[in-house]
Amino acid sequence: MALTGQSTRTLVADWWRSVDKWLFAAFLILLVAGFMLSFAASPPVAERIGLEPFHFVKRHALFLAPSVVVMIATSMLSPRAVRRAAFVVLVVSILLMIAALFFGTEIKGARRWIDFGPLNIQPSEFMKPCFVVICAWLLAEKVKRADVPGNLYALILLLIVTALLVAQPDLGQTMLVAGAWGGLVFMAGLSWLWIVILGGFGAVGAVSAYVMFDHVASRVNRFWTGEGDTFQTDRAREAILNGGWLGQGPGEGTVKRLLPDSHTDFAFSVLAEEFGIVACMALASLFAFVVLRGLSTALKQRDPFVRLSICGLVFIFGLQSIINMAVNLQLMPAKGMTLPFISYGGSSMLAIAMSAGFILALTRKRAENRSFTDQLVHRTLLLHGA
4 MALTGQSTRT LVADWWRSVD KWLFAAFLIL LVAGFMLSFA ASPPVAERIG LEPFHFVKRH
64 ALFLAPSVVV MIATSMLSPR AVRRAAFVVL VVSILLMIAA LFFGTEIKGA RRWIDFGPLN
124 IQPSEFMKPC FVVICAWLLA EKVKRADVPG NLYALILLLI VTALLVAQPD LGQTMLVAGA
184 WGGLVFMAGL SWLWIVILGG FGAVGAVSAY VMFDHVASRV NRFWTGEGDT FQTDRAREAI
244 LNGGWLGQGP GEGTVKRLLP DSHTDFAFSV LAEEFGIVAC MALASLFAFV VLRGLSTALK
304 QRDPFVRLSI CGLVFIFGLQ SIINMAVNLQ LMPAKGMTLP FISYGGSSML AIAMSAGFIL
364 ALTRKRAENR SFTDQLVHRT LLLHGA
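Start counting the sequence shown at 4; every next residue gets the next number (the working numbering).
This is the structure we're talking about:
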C-alpha cells in the first residue's frame, strides 16, 4: 500500500526524533569536506592523464547526492531490516567478487572491479559493512543460545571472504576485514585461549603474505629500509611538512601535483599541505568522535546483535581511517586504502554511506532500549491521550 503524505511526514518526523543527530551531522560534515577537498586534490591528477581539470570533481559530485540518499534511507531501517538488507547485499557482493575474478577489469595486476556501462563497481567495498553486520548477528545468536554454532559460521564466512580478497589480490582489505572480525569475536566474549590461537593464525597469514606476494614484500621492505621506489610516500610526507600548522592556502599546494594518487589514497596529504596540520587534527578528531560516540551508544544497547553491529561498524570505519592516515604519515607500509568520505571513489563513497546508514539505524532511540520506568511513563501518557 502506498504511503500517504501524512504517513510519509510521520515516518520522517519519527526518524528525525529518534536519529542520533550528532552522528548524522558528523557524517554530513565528512561528506561535504570530501567534496570540497576534491577541488584541491583531483585537478592535478586529471590534467596529468589528459582529462579536463574538473573531471574527478564532477564525478565526485555525481555520487554525493546518491550517497546522502543511501545513508538516510538505510538509517530508517529497523534492526531486523538492517540484518536482512545486509544479508542480501552480502550475498550479491560475494557473487560479484567471484565474477570479478573471471570477468572483472584488471587494474595494476588486481581484479577487483566490474564494469556496468559507465559505472565501475568494486563489490568488496559493499561487502565490508554487510560482513560485519552478519557476523555480529551470528555471534549474537551464540550469546543468546549456546547450542547455536554462531562462532563457527562466522569463522566460515571470514574464510570465504578473505579467500576471495586474497585471490583478487587485495591484502589491505583482507587485513581490514580480519581485524574487524577479530574485534567482533573479542567483544562477543570469546575465550582468551581462542583469541590467542586466532591471533597466531593471523600472524602466520601476515608472514605468508610477505613470502608469497612480491608486492607485499616490496612495500614492507621499502617501509623498513627506505630503499627502493618510495616516491609517492615521500611526496606525501613532504606535502604534510610543506603545509605546516595552517597550510599554504586553498589551491596553493605544489607537492600535490607530483602525487599520482592525490585524490584517493593521499587526499589527507593534500589537506595537510593546503589547510595545515590543524585541519588534519580536526578531521582526525571527527573520525574519533564517530567511533567513540558509536561505542558509547553501543554500550547502552540491550540487544547483543545491535550492540555488536554498532561496535563492528564503527570499528571498521575507524580502522580504515587510521590505516589511511598512518600511510600518509609514513607510519606503516602503503596499503591503497581510501579515507572514508574524503577520498575519491564512487563505490567507496556509496558503501561507506550505507555503513553510516546502518550505524544511524542501529543507534536510533527505540522503545526496547528504554528503562522499565521510562516505558511505563510512556504508556501511561499514551493511555491518557498526552
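Even for Gly, the Cβ is constructed at its ideal location relative to N, Cα and C.
C-alpha distance - residue i paired with residue j, whole-angstrom precision
i: K338; j: R115; result: 15 Å
i: A364; j: L161; result: 24 Å
i: P69; j: V223; result: 37 Å
i: F57; j: M190; result: 45 Å
i: A64; j: G37; result: 10 Å
i: E109; j: D150; result: 44 Å
i: L99; j: V164; result: 12 Å
i: Q171; j: G112; result: 9 Å
i: E144; j: E50; result: 53 Å
i: G53; j: V94; result: 38 Å
i: V135; j: G185; result: 11 Å
i: F59; j: S45; result: 6 Å
i: D17; j: S78; result: 12 Å
i: A220; j: S272; result: 25 Å
i: H387; j: V22; result: Reliability of the predicted coordinates at H387 is poor, the pLDDT of 49 falling under 50, and no value is obtained from them.
i: A84; j: F106; result: 32 Å
Cβ separation of residue i and residue j, assumed to be a contact under 8 Å, to the nearest whole Å
i: A393; j: I319; result: Nothing in the structure corresponds to residue 393, since the chain is present only between 4 and 389.
i: P263; j: Q235; result: 6 Å
i: L187; j: C138; result: 5 Å
Residue i versus the options, residue with shortest Cα-Cα distance
i: F27; options: C314, R310, L289; result: L289
i: L158; options: T13, W140, A359, M100; result: W140
i: I355; options: V219, Y213, P126; result: P126
i: L14; options: A49, L80, V72, F129; result: L80
i: A287; options: P343, K368, G315; result: P343
i: L316; options: V309, F216, P132, I198; result: P132
i: P332; options: R260, C283, R62, L104; result: In the sequence on display, residue 332 carries Leu and not Pro. Closest option to L332, Cα to Cα, is C283.
i: T2; options: L167, L311, N327; result: Residue 2 cannot be examined here, being either before or after the span of the chain that is shown, 4 to 389.
i: I362; options: G297, R369, L302, G348; result: G297
i: I117; options: L261, R369, G349; result: G349
Which residues DSSP lists as bridging residue i, in chain order
i: A113; result: I110
i: D118; result: N123
Cβ neighbour criterion (16 or more within 10 Å) applied to residue i
i: T257; result: exposed
i: T267; result: buried
i: T376; result: Confidence at T376 is low in this model, with a pLDDT of 36, below 50, so the placement of that residue should be treated as unreliable; the coordinate-derived value is given next. Answer is exposed; the Cβ neighbour count stays below 16.
i: R367; result: buried
i: S41; result: buried
i: R238; result: buried
i: A102; result: exposed
i: M4; result: Residue placement at M4 is flagged as unreliable, the pLDDT there being 46, under the threshold of 50; a coordinate-derived value is accordingly withheld.
i: L249; result: exposed
i: K147; result: exposed
i: M215; result: exposed
i: V92; result: buried
i: L196; result: exposed
i: P121; result: exposed
Residue-level contact to chain B via CB, residue i, 8 Å cutoff
i: I355; result: Absent here is chain B; the protein component of the structure consists of one chain.
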